[in-house]
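A.B. asks: Take a look at this one; I'll ask things after.
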Amino acid sequence: MKILQIRTVLATVLLSLCIGQVYAWSLLSNAVKSVLNHDMSFAFSLAILFLGLSAAFMGKFVERNPKATYILSVIFFVAGFLLSGFACSVGSVWMFYAAYGVLFGCSCGLGYVAPIKTLMLYFRHNKAVASAIAILSFGLAKSVASPLYTYLTTNFSIEHVFYLLALIYTVPLIVTSFLFRKFPVNYKPPMVETINIGKTVRTLPYISIWLFFFLNIACGLAFISQEAQLYSHYGVALGMATLLCTLSAVFNAGGRFGFAWISDKFGRYVPCIILFALSSILCLVNFGFAGLGLFVVSVMLINACYGGGFSALPALLASKYGITNTSTIHSLTLSAWGIAGIASLFLKQLPVDTLFITCFVLYGFNLLLLYLSKK
């Protein structure tokens with residue numbers, strides 16, 4: 029069993045470090061924009077949309093075939109990056125949307141959700157920390173990708189950057205599909221409660237969970253997707269912006285593990301109360317008098333809270349609806365991630381001060397939704 033646990037953890041970490049590079053998009057966007065002569069902000073939002081939609085619609089397939097889901101994620105990843113490079117070389121905006129937004133987005137969604145239930149079964153006494161293994165690695169991927177992106181975009185044309193990224197990541201991606209192992213028995217916990225998924229997702233508690241997950245992501249993405257540009261707004265040079273983007277990814281990953289540990293230690297709702305309250309306060313103190321130092325600290329901590337929302341979710345759903353239903357209901361809930369990717373487009377158009385005060389209100393509203401989800 030130990031060998032299977034180690035293999036699955038390694039496979040999860042490797043895959044998440046590959047697909048999580050989607051969060052480093054802000055370091056590619058200007059180079060893609062200059063080649064395609066088009067504002068490519070929608071490409072990131074489209075990738076997040078298909079991340080959520082692919083996870084939501086493939087929930088039952090993931091439940092039955094997590095290993096096959098891994099393989100599909102690998103195929104979509106490589107195809108998405110190769111086609112993205114080709115789209116840049118021929119100057120096709122719509123092909124780029126299809127490649128990066130749809131194919132790579134589906135790769136992220138399938139790869140993200142595939143290992144969650146399996147990890148929770150392998151580590152049943154620490155479900156939140158177990159799921160955080162995958163979720164943490166997904167957030168940490170930006171810290172690996174940021175310096176790589178900066179080096180490649182400085183030395184190669186953007187189409188060759190995508191070809192090289194596909195080549196560089198192919199080996200670890202293939203290794204993940206060989207390492208991953210599904211939990212070896214059909215585990216059924218005692219007194220399993222069978223739930224009707226269709227009815228469950230129409231109840232007030234589930235709708236509240238879906239909404240606070242959606243709002244936390246929409247606000248977080250509004251900062252993360254334009255992080256490099258926001259730093260340049262404050263006069264930060266590219267090299268320092270890259271370093272700060274890397275550091276924020278570390279905070280993101282730290283939040284995923286830290287809030288998961290809090291969830292296992294103090295209860296499933298405690299991390300949500302902390303991260304929503306802290307995010308709301310950070311947005312308020314930045315409104316009107318945000319200097320560079322305070323802004324950087326706030327973005328780091330908002331990154332941590334954003335990541336913490338992901339790691340708190342699977343164990344919360346498992347404790348509320350049962351582990352046998354986790355993959356299906358978690359996958360459906362990830363549809364909020366996809367839709368939040370589109371909603372963040374509107375938030376990121378706001379001036380910085382307006383963005384902070386808007387997110388202050390939304391994070392505060394999440395505390396009310398959290399209360400409603402407990403009913």
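Numbering (the working numbering), first residue to last: 29 to 403.
Positions of the beta carbon are idealized from the N, C-alpha and C atoms, including for glycine.
1. Among residues of its own chain, excluding the 5 on either side of residue 345, which ones have a beta-carbon nearer than 7 Å to its beta-carbon?
2. Within 10 angstroms of the Cβ of residue 34, are there 16 or more other Cβ atoms? Answer buried if so, exposed if not.
3. Can you tell me the Cα-Cα spacing of residue 161 and residue 285, whole angstroms?
4. Report the rounded CA-to-CA distance for residue 39 versus residue 97, giving the unit in angstroms.
5. Within the continuous alpha helix (DSSP H) that includes residue 131, where are the two ends?
6. Please return the same chain residues whose Cβ sits closer than 6 Å to the Cβ of residue 100, not counting the five positions on each side in sequence.
7. Considering only their Cβ atoms, is the gap separating residue 370 from residue 73 smaller than 7 Å?
8. Just checking my contact of residue 112 with residue 128 at CB under 8 Å: how many whole Å lie between their CB atoms?
9. Just reading off the alpha helix (DSSP H) that residue 354 is part of, what are its end residues?
10. Please determine, among 56, 234, 109 and 228, the residue with the shortest C-alpha to C-alpha distance to residue 174.
11. Whole angstroms is fine: what's the gap from residue 283's alpha carbon to residue 69's?
12. Whole alpha helix (DSSP H) runs in the segment 159-225 with 4 or more residues, listed along the chain?
13. For residue 35, name the three-state secondary structure that DSSP assigns.
14. Rounded to the nearest angstrom, what separates residue 219 and residue 231 at their Cα positions?
15. Specify, as a first and last residue, the run of the alpha helix (DSSP H) that residue 148 falls within.
16. Suppose you measure from the CA of residue 271 to the CA of residue 223; what does that come to, to the nearest Å?
17. Assuming residue 166 and residue 54 make a contact with CB atoms under 8 Å, what is their CB distance in whole Å?
C.D. replies: Inspection of the coordinates gives the following:
1. Working through the sequence shown from its first residue, we reach residue 345 at position 317. So the list reads 354, 357, 358 and 361, once near-sequence residues are dropped.
2. Taking the first residue of the sequence shown as 1, we reach residue 34 at position 6. Per the 10 Å Cβ criterion, exposed.
3. Taking the first residue of the sequence shown as position 1, residue 161 is located at position 133. Taking the first residue of the sequence shown as position 1, residue 285 is located at position 257. Going from the Cα of residue 161 to the Cα of residue 285 covers about 8 Å.
4. Position 11 of the sequence shown, counted from the start, is the residue given in the question as residue 39. Position 69 of the sequence shown, counted from the start, is the residue given in the question as residue 97. Near 13 Å, if we compare the C-alpha coordinates of residue 97 and residue 39.
5. Locating residue 131 in the sequence shown gives position 103, where the first residue counts as 1. First-last for residue 131: undefined, no H or E at that position.
6. Here residue 100 is taken as the residue at index 72 of the sequence shown, counted from 1. Contacts found: 138.
7. Start at 1 with the first residue of the sequence shown, and residue 73 comes out as number 45. Start at 1 with the first residue of the sequence shown, and residue 370 comes out as number 342. Cβ distance < 7 Å, so residue 73 and residue 370 count as in contact.
8. In the sequence shown, counting from the first residue as 1, residue 112 sits at position 84. In the sequence shown, counting from the first residue as 1, residue 128 sits at position 100. At roughly 5 Å, the Cβ-Cβ gap stays under 8 Å, so residue 112 and residue 128 are in contact.
9. Taking the sequence shown and counting its residues from 1, one reaches residue 354 at position 326. Residues 354-361.
10. Sequence index remark: in the sequence shown, residue 174 carries index 146 (1-based). When only C-alpha atoms are compared, the closest one is 56.
11. On the sequence shown, position 255 is the one that residue 283 refers to. On the sequence shown, position 41 is the one that residue 69 refers to. Looking at the two C-alpha atoms, the distance is approximately 26 Å.
12. 186-207
13. In the sequence shown, residue 35 corresponds to position 7, counting from 1. If DSSP states are grouped into helix, strand and coil, residue 35 belongs with the helices.
14. Looking up residue 219 in the sequence shown gives position 191. Looking up residue 231 in the sequence shown gives position 203. Low local confidence applies: a pLDDT of 47 at residue 219 is under 50, so the model's placement there is unreliable, and no value is given.
15. In the sequence shown, counting from the first residue as 1, residue 148 sits at position 120. Note, residue 148: alpha helix (DSSP H), 144-150.
16. The sequence position of residue 271 within the sequence shown is 243, counting from 1. The sequence position of residue 223 within the sequence shown is 195, counting from 1. Taking the straight line joining both Cα atoms gives about 47 Å.
17. The residue you call residue 166 lines up with position 138 of the sequence shown. The residue you call residue 54 lines up with position 26 of the sequence shown. Their Cβ separation, rounded to whole angstroms, is 17 Å, which puts residue 166 and residue 54 out of contact at 8 Å.
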